[in-house]
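Numbering (this note's numbering), first residue to last: 1 to 304.
Cβ atoms here follow ideal geometry from the backbone N, Cα and C, with glycine treated the same way.
In this text, all values refer to a predicted model and were calculated from it rather than measured experimentally.
Have a look at the structure below before the remarks.
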């Protein structure tokens, strides 16, 4: 068995996070979960209660503890990243931030986008923006993650980090987004599914696979950004075809729109990420078409 590690997971109450924690525990690592205590961690993990936005609360909960690796599931802004870098410097040999495909929101390439398309060291940081305003933070999700990565990159070799840029996640009975359910409901009622006139494909990753990747990355020593995405791309049509198998008589009717709101997982620009770096580092993602039927079945339920 590989070396037993002391791992701190920040956040991790649901979905990807709870799968990550369970996987780390199954592998024999000692896991501590830090959150506000709204829900208990999986059995076997220790819990620390703190507000990750409050430095005094955070340092008080941590005491003198140090960890082999920290996986931060809930770092959304440069302020949070700056606080994390300040508090955890000297407490860990490795910091893994869960980032997002949304850092590429200004890219629109027919080719899959590699990590170097967004270099964190070149991203300007503005700590004075209203990052504590939930509405602002939600509206600037990609920018917040980009700037958070930039703050971590500025730490240099003294703060070894990696930012895992996660593709759109599918699968699991506990998918809380309701995105696939939106398609299923439209098929049941016969309502059209609004899509852009120029509807672009995207990359996706299964919830179990991204948890496996994060657990794997925690034990590696590479740094900088890395894309976490299943092989190939999927279109809205691909998703709807898989959903239709769970809706009696299900058939998708698409309504192209020039402007205005479109359905989930319908994109006006390409959302494709290149996962070649992960492969070179030693992790192979599964082709999305292989697990898509299972992911939809998990989310919608058999016979839904």
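Would you mind working out which of the options sits nearest residue i, comparing C-alpha positions?
{"i": "residue 295", "options": "177, 188, 261, 173", "result": "173"}
{"i": "residue 147", "options": "11, 99, 20", "result": "99"}
{"i": "residue 3", "options": "218, 33, 87", "result": "218"}
{"i": "residue 127", "options": "47, 95, 83", "result": "83"}
{"i": "residue 171", "options": "289, 108, 163", "result": "289"}
{"i": "residue 36", "options": "44, 20, 9", "result": "9"}
{"i": "residue 130", "options": "92, 107, 80, 177", "result": "80"}
{"i": "residue 240", "options": "63, 277, 124, 264", "result": "264"}
{"i": "residue 233", "options": "56, 57, 125, 291", "result": "291"}
Could you tell me how far apart the beta carbons of residue i and residue j are, in whole angstroms, since I believe they sit closer than 8 Å?
{"i": "residue 151", "j": "residue 78", "result": "5 Å"}
{"i": "residue 196", "j": "residue 262", "result": "6 Å"}
{"i": "residue 34", "j": "residue 61", "result": "7 Å"}
{"i": "residue 272", "j": "residue 103", "result": "Actually they do not touch by this definition, with Cβ atoms about 14 Å apart."}
{"i": "residue 194", "j": "residue 257", "result": "5 Å"}
How would you call residue i, buried or exposed, if buried means at least 16 neighbouring beta carbons within 10 angstroms?
{"i": "residue 266", "result": "buried"}
{"i": "residue 251", "result": "exposed"}
{"i": "residue 208", "result": "buried"}
{"i": "residue 111", "result": "exposed"}
{"i": "residue 270", "result": "buried"}
{"i": "residue 191", "result": "exposed"}
{"i": "residue 303", "result": "With a pLDDT of 41 at residue 303, under the threshold of 50, the modelled position of that residue is not reliable, and the figure given next carries that caveat. It is exposed - the Cβ of residue 303 has fewer than 16 other Cβ atoms within 10 Å."}
{"i": "residue 132", "result": "exposed"}
{"i": "residue 186", "result": "buried"}
{"i": "residue 175", "result": "buried"}
{"i": "residue 139", "result": "exposed"}
{"i": "residue 205", "result": "buried"}
{"i": "residue 228", "result": "buried"}
{"i": "residue 203", "result": "buried"}
Return yes when the Cβ of residue j is within less than 8 Å of the Cβ of residue i, no when it is not.
{"i": "residue 249", "j": "residue 287", "result": "no"}
{"i": "residue 73", "j": "residue 11", "result": "yes"}
{"i": "residue 120", "j": "residue 165", "result": "no"}
{"i": "residue 14", "j": "residue 76", "result": "no"}
{"i": "residue 96", "j": "residue 168", "result": "no"}
{"i": "residue 115", "j": "residue 142", "result": "no"}
{"i": "residue 275", "j": "residue 236", "result": "no"}
{"i": "residue 16", "j": "residue 211", "result": "yes"}
{"i": "residue 242", "j": "residue 293", "result": "yes"}
{"i": "residue 45", "j": "residue 21", "result": "yes"}
{"i": "residue 300", "j": "residue 117", "result": "no"}
{"i": "residue 68", "j": "residue 86", "result": "no"}
{"i": "residue 223", "j": "residue 122", "result": "no"}
{"i": "residue 179", "j": "residue 247", "result": "no"}
{"i": "residue 91", "j": "residue 66", "result": "yes"}
{"i": "residue 57", "j": "residue 50", "result": "yes"}
Any beta carbon from chain B within less than 8 Å of residue i's own beta carbon?
{"i": "residue 161", "result": "The question asks about chain B, but that chain is absent: this structure has only one protein chain."}
Please state whether DSSP places residue i in a helix, a strand or coil.
{"i": "residue 124", "result": "coil"}
{"i": "residue 67", "result": "strand"}
{"i": "residue 100", "result": "strand"}
{"i": "residue 254", "result": "strand"}
{"i": "residue 304", "result": "In this prediction, residue 304 scores a pLDDT of 41, lower than 50, which makes its location untrustworthy; no coordinate-derived value is stated."}
{"i": "residue 182", "result": "helix"}
{"i": "residue 73", "result": "coil"}
{"i": "residue 212", "result": "helix"}
{"i": "residue 95", "result": "strand"}
{"i": "residue 143", "result": "helix"}
{"i": "residue 10", "result": "strand"}
{"i": "residue 40", "result": "coil"}
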